[in-house]
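Down below is the structure, laid out as structure tokens.
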Amino acid sequence: MQKFKVALIGNPNCGKSSLFNQLTGLRQKVGNFHGVTVDKKSGVANLTKDIQVNFIDFPGTYSFYPTSLDERIVVGTFARPDALSDNWEKGQQYDAILYVADITQLEKHLLLFSQIRNLGFPMVLALNMTDVAQEESMIVKPDILKKKFGIPVVEVSGRTGEGIDGLKYALENVLLEKSKVSNNTLTYQFSEEEKKIAHTIQVEFGLESEYQAWLWVQHHEWLPFLTAAQRITIKSIVTEKFDLLKSQVRETMQRYDRFGPIVGQALKKDTSASDTWSDKVDRVVTHWLMGPIIFFGLMILIFQAIFSWAGLPMDLIDAGFGALTEGVSSALPESMFRDLLTDGIIAGLGGVLIFIPQIAILFFLISILEESGYMARAVYLFDNSMRRFGLNGRSIVALVSGGACAIPAIMSTRTISNWKERLITIMVTPLISCSARLPVYAVLVGFVVAADQYWGWFNMQGLVFMGLYLLGIVAALGAGWVFKKIIKTEETSYLMLELPVYRRPLIRNVLLNVYEKTKTFVIEAGKVIFVISILLWFMASYAPGNQMQLAEQQAVSEALELKLDDTERDNLIASKKIEASYAGHLGKFIEPVIRPLGFDWKIGIALITSFAAREVFVGTMATIYSIGSEAEETSVIDRMATEINPDTGELVYNRATSLSLLIFYVFAMQCMSTLAVVKRETKSWKWAAIQFVFMTALAYLGSLLVYQVMS
């Protein structure tokens, strides 16, 4: 079987991801682009039984003059000196480019296409969204584009799958022919001075084309593959007298002048209707008053759905893990290995995996907002408001994405061109409650508000849940305002954004996204929880010297004095033994610091372990409360609900303690992976350290205030 590598390139909102999903289905994986930290989505598809293609989905890019880190990936990849050569690093060369353009916005989307065309790559132009074009009564003549551009042009719909077979056939021909057809229609005509500079660079470095040399001229200060000596050489050729910005404008205008008339011949639009359906909807959705009301209304519906829809599947998962624990206990003889499985691994994983339905629902609803085109409106709607807090309209994407996971949310800030606004967005995004906090909230909210409490039509637990998210948003905006005053920069700020037409979300894309994100959550969280559950089981099952035996003897004596029944005696023994264990010693060590917050030493253990990942809190509590207690199989929630403070005789998880713990988890930076990503994105541990310190301090003070007031 012949194997090829094809780059999938296009403007933002061109439907590239939908087409990628149509071609590859579930045969996808996420990695990083070579030498950089930007996410790379790749997927495999069989064009025929003999031809297999690995598609690489590049970040959406407007032109070869990037305004964000993500957009630089396309330039940095195809401006390489050997980009057109088979001698490129093994596995790095691309055999062809599949360029995706929104047929309804074709003229705008051909700027980048014409620039890539100048490099001479084998290409196929996919005119996407034919279904929308038909709805708008557009007449398309792809043969004109094919003749003028000198490459195959195929009409497709990433939403419906229409034209996919024709696209595969065109790709097959291009890949087998390996033709690099030259066509002067879109070739950039250099000015005399530009041509002299480009030719000098081309000869100096042995590049294949003058236009590739021109990209080196424009971007020599940041192109990742250039050496320091090469940058100096280029700088000496391109003197300060030469105006790079002016030449960029000249090229852009010339290109539009060249392909504009071609688009006019190949595409006819019905201009009789003054307003499209999207325009009419936008009058309401982007209105200064109705827009925010709609946005927050959608957020309320999301949080209500998380609680309302997830109940039954959560109960089934809980029952499944209970049956698994009981089955393992019955099947295996009593041993250290059985205890490790039941009290450590199964209890730890079960305590978190029960919340998969809520996490999947969150990803599902956010994906629908993105697929429909609504998120672009949210960016536009909140741009002015965000700027007051040192942020940018694009920051709203990171903040909303932070509701799923802070790591991809922080990486999404690469679309923000202003360094100060990007840095502030990175610093405050972890304050947005992510899906890893969701299991913690789901457990503790039940101790603050009863499940059967309603306020009118709304479930009170759902409202408290949303209140926690709103608190995180308020904290993020407040922190952004503070950073705005502290961090100084002379960079100008602007927002360049294309509002896509509203589209009915394609359920295939939504479900693929939910599957991918949920799988990543389960695998990443599962690995951490697996390791910590084993470590925690060991620490909670063993103690220095003979302290475990002494604790058991003391518990038996107390049980006899108090005349406890067998169940009460077993629970007392389990409590005394875990208190004497290594984990108990660790919890007791930090207890004086967290006692003013209403936390005991068991909660202290969970706080420490959950600094690896927030969701570990529930797994830790499940492990702690399962060890040694064999009288009955109960869920972690039931076990926590009946936990009694031996000093006061009151419930440990009363309203004051539970709310205090919730506030701590709203603000605390308890995710080592997020800190690592912050360091990677800012290229400094300084900002990661500042973020950790200010968030931990905010969590401690907020929790202290809440507990002391409520007590």
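By the numbering used here, the letter at position 222 of the sequence shown is numbered 611, and the numbering carries on one by one without gaps. C-beta: ideal position from N, C-alpha, C; glycine also.
How would you write the range of the alpha helix (DSSP H) that I813 sits in, first residue to last? Unbroken alpha helix (DSSP H) run through I813: 808-817.
At which residues does the alpha helix (DSSP H) containing I1052 begin and terminate? The continuous alpha helix (DSSP H) containing I1052 extends over residues 1044-1056.
Is the separation between the beta-carbon of L866 and that of F778 shorter than 8 Å? Between L866 and F778, the gap from beta carbon to beta carbon is short of 8 Å.
Excluding the 5 residues preceding and the 5 following R897 in the sequence, name in chain order all residues of the same chain whose CB lies nearer than 7 Å to its CB. Within the same chain, and ignoring the five residues on either side of R897 in sequence, the residues whose Cβ sits closer than 7 Å to its Cβ are N410.
Contact check, F847 vs Q693 under 8 Å by CB: the rounded distance? Rounded, the Cβ-Cβ distance is 7 Å, consistent with contact.
Do Y891 and S756 have their CB atoms nearer than 8 Å? At the C-beta level, Y891 and S756 stay beyond 8 Å of one another.
Taking the straight line between their C-alpha atoms, what separation do you get for G595 and S822? Approximately 52 Å between the Cα atoms of the pair.
Could you tell me if N807 is buried or exposed, where buried requires 16 or more neighbouring beta carbons within 10 angstroms of its beta carbon? With 16 or more other Cβ atoms within 10 Å, it is buried.
Compute the beta-carbon to beta-carbon distance between F1056 and M1010, rounded to the nearest angstrom, for a pair I have assumed lies under 8 Å. F1056 to M1010, Cβ: 20 Å. No contact.
Extract the residue ranges of the alpha helix (DSSP H) inside the segment 604-685, only unbroken runs of 4 or more that lie entirely within it. List check, alpha helix (DSSP H) in window: 617-626, 633-655, 666-674.
Outcome for Q850 when other beta-carbon atoms lying within 10 angstroms are tallied against a minimum of 16: The C-beta of Q850 has 16 or more other C-beta atoms within 10 Å across all chains shown, which makes the residue buried.
Using only the alpha-carbon positions, how far apart do K343 and L754 sit? In the structure as shown, the chain starts at 390 and stops at 1100, and residue 343 therefore has no counterpart that could be examined.
Is the segment 574-591 touching the segment 450-462 in the sense that three or more CB pairs, one from each, lie closer than 8 Å? The segment 450-462 is not in contact with the segment 574-591.
Sorted by chain position, which residues of the same chain lie with C-beta nearer than 6 Å to L1087's C-beta, five sequence neighbours on each side aside? Within the same chain, F1056 come within 6 Å of L1087 by CB-CB distance, once the 5 residues on both sides are set aside.
Backbone CA spacing between V817 and A868 [nearest angstrom]: Straight across, the Cα-Cα distance linking V817 with A868 is about 6 Å.
May I have a chain-ordered list of the beta strand (DSSP E) segments no shorter than 3 residues that lie completely inside the segment 474-518? Residue ranges of uninterrupted beta strand (DSSP E) with 3 or more members, entirely inside the segment 474-518 and ordered along the chain, are 485-491, 512-517.
Enumerate in chain order the residues of its own chain whose CB-to-CB distance from L742 is below 6 Å, with the five nearest sequence positions on each side excluded. Correct list: empty, nothing qualifies.
CA nearest to the CA of E581, picked from H498, F447, E599: Checked all of H498, F447, E599; the closest Cα to E581 is E599.
G835 lies in the beta strand (DSSP E); which residues open and close that run? No beta strand (DSSP E) contains G835, which is instead part of the alpha helix (DSSP H) from 827-837.
Top-ranked residue by Cα proximity to N902, from G414, I651, C403: Nearest Cα to N902 within the set G414, I651, C403: G414.
Nearest-angstrom Cβ-Cβ length linking I876 and L812, presumed shorter than 8 Å: That pair is a contact at about 7 Å.
Rounded straight-line distance, which links the Cα of L1048 to that of V853: Roughly 10 Å between the two C-alpha positions.
Whole angstroms is fine: what's the gap from I398's alpha carbon to I590's? The alpha-carbon of I398 is positioned some 27 Å away from that of I590.
At the level of alpha carbons, what is the spacing between G653 and V1067? For the pair G653 and V1067, the Cα-to-Cα distance works out to about 46 Å.
Would you give the residue range spanned by the beta strand (DSSP E) that K394 belongs to? Taken as a continuous stretch (DSSP letters only), the beta strand (DSSP E) holding K394 covers 391-399.
On a Cα-Cα basis, can you pick out the residue from E759, R644, E610, A767 that is closest to F685? Among E759, R644, E610, A767, the Cα nearest to that of F685 belongs to A767.
If the criterion is Cβ atoms closer than 8 Å, does the pair Y483 and V395 meet it? Going by C-beta atoms, Y483 is nearer than 8 Å to V395.
Can the beta-carbon of I1052 be found less than 8 Å from the beta-carbon of V1095? Against a cut-off of 8 Å, the Cβ pair of V1095 and I1052 comes out as a contact.
With a threshold of 16 other CB atoms inside 10 Å of the CB of T783, please say whether the residue is buried or exposed. The question names Thr, but residue 783 is Arg in the sequence shown. Classification for R783: buried.
Close-in-space but distant-in-sequence residues of the same chain around Q637 (CB under 8 Å, 5 per side omitted): Excluding sequence neighbours, Q637 sits near Y454, Q607.
For T493 versus V464, is the C-beta spacing smaller than 8 Å? Taking 8 Å as the Cβ cut-off, T493 and V464 do not qualify as a contacting pair.
Y843 burial status per 10 Å Cβ neighbour count (16 or more: buried): Under the 10 Å beta carbon count, Y843 is surrounded by fewer than 16 other beta carbons and is classified as exposed.
Whole-angstrom distance between S503 and I748, CA atom to CA atom: About 42 Å.
Going by DSSP, what residue range makes up the beta strand (DSSP E) through F444? For F444, the enclosing beta strand (DSSP E) covers residues 440-446.
Reduced DSSP secondary structure (H/G/I, E/B, other) of I750: DSSP places I750 in helix when its eight states are reduced to three.
So what does DSSP say about Y451, is it helix, strand or coil? Looking at Y451 - three-state DSSP - the assignment turns out to be coil, as it is neither helix nor strand.
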